[in-house]
Amino acid sequence: MVLFVRLRLLPGDPANALLGVGATEQQIAAARAQVGSDQPLYVQFVSFIGNLARLDLGTSFVSRASVLGEIGSRMSVTLPLTFFGFVVALVLAIPLGILAAVRSNKWYGAAISVISQLGIAIPVFWVGILLVTLFSINLRWLPSGGFPLKGWANFGEAITGMILPSLTIGLVMGASLLRYVRAATLDVLGSDFLRTARALGASFPEALIRHGVRNGAVPVISILGIELASTFLGAVVIERVFSLPGLGSMLLLAIQQRDYPNVQGVLFISTLLVLLIGFAADIAQRLIDPRLRSRGRAFA
Amino acid sequence: MTTKTLLLAALLAGVALPSAAFAQSYDPNASIRIGSLYEPQNLDNTAGAGQGINEAFNGNVYEALFQLTDAGSVEPKLVESYKASDDGLTYTFTLKDGVTFHSGDPLTSADVKYSIERVTAETSKSSRKKSLSTITGIETPDDKTVVITLSARSISLPYNLSYVWIVNDAASDITATEDGTGPYTLGEWRRGSALALERFDGYWGAAPTNGEVVYTYFTDATALNNALLTNAVDIITSVQSPDSLAQFTGNSAYTVTEGASTTKELLAYNDRVAPFDNVKVRKALARATDKARLLNSIWGDYGTLIGSFVPPTDPWYVDLTSVDAYDVDSAKALLAEAGYPDGFEFTLDTPDYDPHPIVAQFLQSEYAKIGVKVNINIITANEWYTKVYQAHDFQATLQEHVNHRDIVFYGNPDFYWGYNNPDVVKLIADAEAAGSQAEQVEKLTEANKIIAEDAASNWLYLYPQIVVSAANVTGYPINGLNSQFFAYGIQKSE
């Protein structure tokens, strides 16, 4: 509801955005009737909600294509991109974060922390530009952007096109994740249960893996959920740098053109996905930590 | 056509020749990858698809009765012959034989009638609709003959028909499909990314010199340049920033060509409101603008200075750069004569995209020298449309005007800039009703000189039109008039 009203309060009329310089008053009136922006706000809202219930997100004002259909096609770029970025982040952050904590008194432990701080400070598009300059323009190893016309049917091209953008997302997300992993590991290292496990005869790596990781994972997973959601939403920037036809670029274009059905559709689906990610993170936490499960039952 | 345009056309032809002569052999089935910043929003040019659809489809997928060539002349395309009645109010067109649509249907006069009415229809969003408003009737006495009757003489009718796509009348909605007569059919299309055109083997004319054309779309100019640098595209249809040119000039792997442009950057005053209703004020600001320095700071050695709204490719071009040439002292004197010895203050509505904000800052510092204070108000393209174009609620604005032959806007007192000189209105109307091209050119040249003397707007410069390609690709259009980009002559050597 809030989304709906705020969007329509933006200055500019979709009818104008549709027409170029040279439109007459009649053309504008005709365009308004076509996109429905001549209807009162509540009429527009009721019809929007009615359609939503039927999972009909409408058709775009500008392209006249089905919103859901286009979201589907864009998702085939954004979802894999987010997923690969996430995997890169995990692969980087977990081992390095644990190492940085366990060896915090060694030079490389400190170096990892410093570099991760740098990773947080650098804007994501800048990382993208640096990677393109290095790997595409200078080394010519990977494409600088774009997605094949035939999509995933052209698997090789699609996957090579995903490498740099995923790496960009992974590096930036990994840097902030690394700090949480490090902090959580440090907490665990100073904990009583780890000391007890060692006292009972477990070696340090054994104790860390059997008891430490599981305990440290709980706060990290809640952060992971938030990071994953923000990566998904932050794809706008990455998709622009790498010219990828994903949800982010669809949203950006739709806002510029006041293409309300497309904007609403993308926001609705993204909100849904973010909620799902949060839900999945909750479930994962409960599976890992039996205390959360019993507490849940006690309060039920 | 004036001698100058002929000269220019000859020059342009000269540019194209050597590349054709040196092309050793080419791959007739090559895939030509074109990088562009103008993605079409849908596939129908009467449904608000944007300029990108003209770039991809004009002459490639759809053809018109006439074609505006890259050199700027209007030539018959789907018409075999045509004649106008003595009073100039009835045109009879005979269509070419053997033309078929991609769906297999033959081209008939009914398709032509349908196609013109599609553009002039109430629901049409074609920006060109108004120029066809003199059409009062379209008759189709037989399959090969179209008779158009007009309410007033219209010398530009063939030109205006050159952007009316001839569409099969059996095709209803063409926002996501096509049915044209051109040398290519629509292949794969992925929104937000790319659009492919495949060679149509049943084409009535000469077959394209390549097998497929893929337009790849970018939202970011740097990403577009990177794509050419990494061999992901073969051609960039228009370079938007001179900074990026350095990567291509002086590198034998690329060809950089500057063609003739029709895109004008201008400071448009609202001529209805004080102080811009005063011709002396407008002339003073024109004289206080060092346009050569502005152009150089934005485009380096590229681009052209213009003294009016008319680019050198229009037949009514005359060099008017000496009218109100840069002269700060005389600008001050004129301001004093106009009653503003201490200058004045005005708000400049500036679109938020390049190059307007930079131009606005430049003007701000230029006009400070004559005591005129400029308040820069940054607005979005959409706000510009509502506030400036529709409501005329502005003092002055910056805008780029891309079209070819658009001096006619100065003959419309209701246009956003509100320039109203009855002599010009009459000259422009008379030019359209002219009996011969020579008469049309004479009248519009006269109108052109008057708007320059009136400093109706401040025409800052003509954008350069720069195409960059990989060195093994030749035969592409370099002028991009009306955003067209004919792909059928492009050759890629093996």
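Protein sequences, first through last, are from chains A and B. Those letters in the first sequence? Residues 59 to 358, by this note's numbering. Those letters in the second sequence? Residues -8 to 485, by this note's numbering. C-beta: ideal position from N, C-alpha, C; glycine also.
Straight across, the Cα-Cα distance linking T207/B with A372/B is about 24 Å.
The C-beta of L311/A has 16 or more other C-beta atoms within 10 Å across all chains shown, which makes the residue buried. Secondary structure note for I156/A: its alpha helix (DSSP H) is the uninterrupted segment 125 to 160. Chain-ordered, the chain A residues with CB closer than 7 Å to the CB of F209/B read S301. Interface annotation for the stretch 177 to 189 of chain B against chain A: E179, R181, R182, G183, S184, A185, A187, criterion Cβ-Cβ distance under 7 Å. The C-beta of V190/A comes closer than 7 Å to at least one C-beta of chain B.
With at least 16 other beta carbons inside 10 angstroms of its own, G232/A counts as buried.
Straight through space, the alpha carbons of G128/B and D78/B are spaced by roughly 16 Å. The Cβ of T221/B sits closer than 7 Å to at least one Cβ of chain A. Between the stretch 416 to 430 of chain B and the stretch 266 to 283 of chain B there are fewer than three inter-stretch CB-CB distances shorter than 8 Å, so the stretches are not counted as touching. Residue-level contact by beta carbon holds for V120/A and chain B, with a gap shorter than 7 Å. At least one CB atom of chain A sits nearer than 7 Å to the CB of N33/B.
Take the alpha-carbon of K208/A and the one of I221/A: they are about 18 Å apart. DSSP, reduced to helix, strand and coil, places D305/B outside both helices and strands of the structure shown, so it counts as coil. Judged by DSSP secondary structure, E444/B falls within the alpha helix (DSSP H) whose first and last residues are 428 to 444. Taken atom to atom, the span from the alpha-carbon of Y401/B to that of G298/B is near 15 Å.
Identification of residues in the stretch 308 to 319 of chain A having a C-beta nearer than 7 Å to some C-beta of chain B yields M308, R316, given in sequence order.
CA-to-CA, the gap between Q386/B and N366/B works out to about 11 Å. Between N201/B and F191/B, the alpha-carbon positions lie close to 11 Å from each other. Residue-level contact check: N463/B does not touch chain A, since none of the beta carbons of chain A fall below 7 Å from its beta carbon.
With contacts defined as CB atoms closer than 7 Å, I419/B and V399/B qualify as a contacting pair.
Across the stretch 183 to 210 of chain A, CB contacts with chain B closer than 7 Å involve V190, S194, I195, R198, P201, S202, G203, G204, F205, L207, K208, G209, in sequence order along the chain. Residues of chain B whose Cβ lies closer than 8 Å to the Cβ of E128/A are, in chain order, R182.
The beta carbon of N217/B sits closer than 7 Å to some beta carbon of chain A. The residues A279, T280, D281, in chain order, have a CB closer than 7 Å to that of E357/B in the same chain once the five nearest residues on each side in sequence are set aside. For R298/A, the closest Cβ of chain B is nearer than 7 Å. D320/B has no beta-bridge partner at all, per DSSP. Within the same chain, K364 come within 6 Å of E336/B by CB-CB distance, once the 5 residues on both sides are set aside. Closer than 7 Å to the CB of A214/B there is at least one CB belonging to chain A.
Using a Cβ distance threshold of 7 Å, T338/B and I369/B do not count as a contacting pair. Of the residues F326/A, F337/A, A159/A, I335/A, the one whose Cα lies closest to the Cα of L126/A is F326/A.
For G177/A, the enclosing alpha helix (DSSP H) starts and ends at 165 to 179. The beta carbon of T248/B sits no closer than 7 Å to any beta carbon of chain A. No Cβ of chain A is located within less than 7 Å of the beta carbon of T172/B. For a Cβ distance threshold of 9 Å, residue set L207 of chain A lies close to V205/B, ordered along the chain. Secondary structure of E130/B (DSSP, three-state): strand.
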